[in-house]
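Residue numbers (the working numbering): 1 to 593.
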């Protein structure tokens, strides 16, 4: 299968190689020829030195140009990381190690604390790369200064084969295809939620009766993708009918044990694509050097497309047949795939949009449910209070939209989980090809100036929702603690109501998640039914793969690191390493709400 679009990363790296490694020696050779200078035996050394001097000159010129532009804008440069090795390679390697084996984003947090600021320029390999946990800067990038940023070429290049023309890899004009569908009341399709919740609970009940552990992260992913597949393209992928992972017999994988069936093949491909693209992001702009002759994503994209493409083609054929028969489909009865097919006949665009929405529909809600279950296991008092609220408002009946709106404590539990473990814990934008300024730094950190910060043009800006939402300066000294009451107590809640962009699990501004209502409704519905059927949640470390358990040294760490019972990890989305294995206890018949 050809992937012509993604050939641009090879063209880009070829241009960079030409500019950095070939142009300086050629220029030197031309000068020597014009000046009739014979370099003789020392010409190889001269060529190497020409490359070095040209690189130094480029860096110095860029620095001078940025200082001049910053002065013109009345701003100062973003604080730069200064390592012991050239190009901050030592800092880069230390950060890479922390990201791959340490507590989630602890390496970033330590950098911010070392430099006593919330936005930094890492300057890895002398290239500007901005990382931030500053709420005001994130707010500017997402909302108030939205027009100064876009998805950018770096992300597009990295994700092109996987997500193509989908909304996560394009700017706002590509969201117009999807937005109208999610604006409908279909997001409250509770009949669909009930069908797949019931099937999920059948599996959970069987395990509970045998007191056997189950990987709920895997099960929730099946629940969300089966519900999403019917919601999006009218076909149940029926992953809940497949074999379940067992620690003793399933193939180990980063997110847990996967099965050796069609669903396991899809899961491996889907999650490997996320891991590859995350590694590309951490490697920076030089990642194409490691894939010059082999795009690592291609075989996994082929696997995913084997699931998606037949559905797209079938829908286009049905559209053509309906058109020939003069049949008009009811707008309210259309699936998302039919909605896309009515908007465009571009197979690639339809597939990309579908895959992007499928990624969000599966991973974000599954992540939320996984971490809610984790907290219910750690905090039985919260589980008890949540169950009492559900019993009082919903009894033993399926919830309605109106009743879900009355579940204040449940909303608090969901929001507190999203605060500590947002499904997309790290995101990025790229500044436009014109420099701009970020607001003055967070005054809670000591700085030598309160002038705005100069944001270089065409530069990647990484921001961590997870670190912002755990920032003690914003949330108070108990920011690392799981406490749903902070969303109910008016005095504590006032922190958020006076500054709502300190909580952005669904992003903010013009690119706010178009499916957040669907996610809230689905998660709330599922949790109501969960509390009606199950009374206890217990972590099962005996079933957890040993490599996924928190290392002993974490107990001496700070914040959540010291109390964590699992290993939070992130690719493009957050997950629990090795899966979340729990034992559930059924509600006794006499206790049924």
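Don't be surprised by glycine CBs; every beta carbon is placed ideally from N, CA and C.
None of these values were measured; they are calculated from a predicted model.
Rounded Cβ spacing between residue i and residue j (contact assumed at less than 8 angstroms)
{"i": "residue 152", "j": "residue 126", "result": "About 20 angstroms separates the two Cβ atoms, so there is no contact after all."}
{"i": "residue 304", "j": "residue 355", "result": "7 angstroms"}
{"i": "residue 598", "j": "residue 158", "result": "Residue numbering for the chain in the displayed model covers 1 to 593; residue 598 lies beyond these limits and cannot be assessed."}
{"i": "residue 502", "j": "residue 474", "result": "5 angstroms"}
{"i": "residue 366", "j": "residue 487", "result": "No, residue 366 and residue 487 are not in contact; Cβ-Cβ is about 22 angstroms, not under 8 angstroms."}
{"i": "residue 525", "j": "residue 193", "result": "4 angstroms"}
{"i": "residue 262", "j": "residue 515", "result": "Wrong, their Cβ atoms sit about 26 angstroms apart, outside the cutoff."}
{"i": "residue 407", "j": "residue 389", "result": "6 angstroms"}
{"i": "residue 136", "j": "residue 439", "result": "5 angstroms"}
{"i": "residue 537", "j": "residue 584", "result": "6 angstroms"}
{"i": "residue 141", "j": "residue 429", "result": "5 angstroms"}
{"i": "residue 312", "j": "residue 347", "result": "6 angstroms"}
{"i": "residue 73", "j": "residue 437", "result": "5 angstroms"}
{"i": "residue 410", "j": "residue 527", "result": "6 angstroms"}
{"i": "residue 255", "j": "residue 217", "result": "7 angstroms"}
Those residues which DSSP pairs with residue i across a bridge
{"i": "residue 274", "result": "Bridge partners of residue 274: none, in fact."}
{"i": "residue 121", "result": "80, 130"}
{"i": "residue 297", "result": "Residue 297 is not bridged to any residue."}
{"i": "residue 427", "result": "463"}
{"i": "residue 537", "result": "584"}
{"i": "residue 568", "result": "576"}
{"i": "residue 455", "result": "436"}
{"i": "residue 201", "result": "Answer is none; residue 201 lacks a bridge partner."}
{"i": "residue 514", "result": "Note: residue 514 sits in no beta bridge, so no partner."}
{"i": "residue 214", "result": "582"}
{"i": "residue 149", "result": "431"}
CA nearest to the CA of residue i, picked from the options
{"i": "residue 11", "options": "292, 111, 114, 143", "result": "292"}
{"i": "residue 19", "options": "31, 35, 50, 36", "result": "50"}
{"i": "residue 375", "options": "62, 337, 398, 415", "result": "415"}
{"i": "residue 270", "options": "572, 588, 582, 581", "result": "572"}
{"i": "residue 69", "options": "440, 453, 238", "result": "453"}
{"i": "residue 109", "options": "132, 93, 300", "result": "132"}
{"i": "residue 420", "options": "559, 96, 94", "result": "559"}
{"i": "residue 226", "options": "216, 217, 239", "result": "239"}
{"i": "residue 165", "options": "328, 352, 237, 27", "result": "352"}
{"i": "residue 323", "options": "567, 338, 522", "result": "338"}
{"i": "residue 334", "options": "533, 349, 117, 315", "result": "315"}
{"i": "residue 519", "options": "206, 287, 358", "result": "358"}
{"i": "residue 106", "options": "562, 64, 297, 531", "result": "562"}
{"i": "residue 393", "options": "382, 384, 405", "result": "405"}
{"i": "residue 556", "options": "40, 286, 217, 103", "result": "103"}
{"i": "residue 43", "options": "27, 552, 56, 55", "result": "27"}
{"i": "residue 297", "options": "275, 306, 310, 569", "result": "275"}
{"i": "residue 553", "options": "101, 156, 138", "result": "101"}
{"i": "residue 535", "options": "489, 521, 387", "result": "387"}
{"i": "residue 170", "options": "506, 349, 588", "result": "349"}
{"i": "residue 235", "options": "63, 145, 308, 294", "result": "308"}
{"i": "residue 147", "options": "320, 482, 435", "result": "435"}
Check whether residue i and residue j have beta carbons under 7 angstroms apart
{"i": "residue 576", "j": "residue 272", "result": "no"}
{"i": "residue 265", "j": "residue 362", "result": "no"}
{"i": "residue 458", "j": "residue 433", "result": "yes"}
{"i": "residue 431", "j": "residue 124", "result": "no"}
{"i": "residue 461", "j": "residue 13", "result": "no"}
{"i": "residue 426", "j": "residue 336", "result": "no"}
{"i": "residue 422", "j": "residue 466", "result": "yes"}
{"i": "residue 61", "j": "residue 25", "result": "no"}
{"i": "residue 208", "j": "residue 529", "result": "no"}
{"i": "residue 299", "j": "residue 581", "result": "no"}
{"i": "residue 492", "j": "residue 479", "result": "no"}
{"i": "residue 229", "j": "residue 219", "result": "no"}
{"i": "residue 579", "j": "residue 215", "result": "yes"}
{"i": "residue 539", "j": "residue 567", "result": "no"}
{"i": "residue 161", "j": "residue 59", "result": "no"}
{"i": "residue 543", "j": "residue 245", "result": "no"}
{"i": "residue 90", "j": "residue 97", "result": "no"}
Closer than 6 angstroms: residue i CB and nearest the ligand HEM heavy atom
{"i": "residue 452", "result": "The ligand HEM is absent from the structure shown, which contains no ligands of any kind."}
Query raised in the report: Three or more C-beta pairs closer than 8 angstroms, one from the region 395-412 and one from the region 448-457: is that the case here?
Result: Not touching, per the Cβ criterion.
Query - Touch test, the region 538-551 against the region 342-354, Cβ-Cβ under 8 angstroms, three pairs minimum - result: Three or more Cβ pairs closer than 8 angstroms define a contact, and the region 538-551 falls short of that threshold against the region 342-354.
Query - the region 374-390 contacting the region 502-515, beta-carbon criterion three pairs below 8 angstroms - result: Pairwise C-beta distances place the region 374-390 out of contact with the region 502-515, as fewer than three of them are shorter than 8 angstroms.
Query raised in the report: Is it true that the region 111-119 meets the region 70-84, where meeting means three or more beta-carbon pairs spaced less than 8 angstroms apart?
Result: Yes: at least three Cβ pairs fall under 8 angstroms.
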